[in-house]
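Residue numbers (the numbering used here): 77 to 179.
Written out as structure tokens, the structure reads:
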């Protein structure tokens with residue numbers, strides 16, 4: 077898939093009960109082209125669609141990320157069965173032709 081699900085924990089609760097973002101994760105996140113936040117942290121972010129700074133959760137990339145995450149199957153189940161049957165029949169026809177060619 078496009079996104080690995082083997083993730084490190086980027087958030088931690090401070091002594092005051094507030095959730096903070098680790099520095100390593102903050103740098104990677106700020107460099108990402110698309111953002112879809114699903115946590116309780118509100119902050120200022122640049123909304124590239126309306127070209128203004130906003131306060132809250134950055135959800136400008138949620139639709140695009142959701143679209144990229146849903147990879148359609150290139151072939152359905154019946155197309156795979158048909159392709160496999162065609163491959164088997166072609167192999168059998170090739171084997172028959174090869175044995176008749178040597179006779």
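Every residue gets a Cβ at the ideal spot worked out from N, C-alpha and C, and that includes glycine.
Source: prediction; values computed, not measured.
key: Entirely enclosed alpha helix (DSSP H) segments - the region 133-173, minimum 4 residues   = Taken in chain order, the complete alpha helix (DSSP H) segments of 4 residues or longer contained in the region 133-173 are 138-145.
inquiry  = Just to confirm the assignment: which complete alpha helix (DSSP H) runs, minimum length 4, are found wholly within the region 92-140?
reply    = If we require 4 residues or more, the alpha helix (DSSP H) runs fully inside the region 92-140 come out as 99-107.
message = I'd like to know whether the C-beta atoms of residue 114 and residue 95 end up nearer to each other than 9 Å.
response = Not a contact, by the Cβ cut-off of 9 Å.
Beta-carbon proximity list for residue 89, same chain, < 7 Å, skipping 5 on both sides = In its chain, beyond the 5 residues on either side, 95 have a beta carbon closer than 7 Å to the beta carbon of residue 89.
key: Opening and closing residue of the beta strand (DSSP E) in which residue 87 lies   = That run of the beta strand (DSSP E) goes 87-89.
query = Using a Cβ-Cβ cut-off of 7 Å (strictly less than) and excluding sequence neighbours within five positions of residue 134, which residues of its own chain qualify?
reply = The beta carbon of residue 134 sits closer than 7 Å to those of 111, 113, 121, all from its chain and outside the five residues before and after it, given in chain order.
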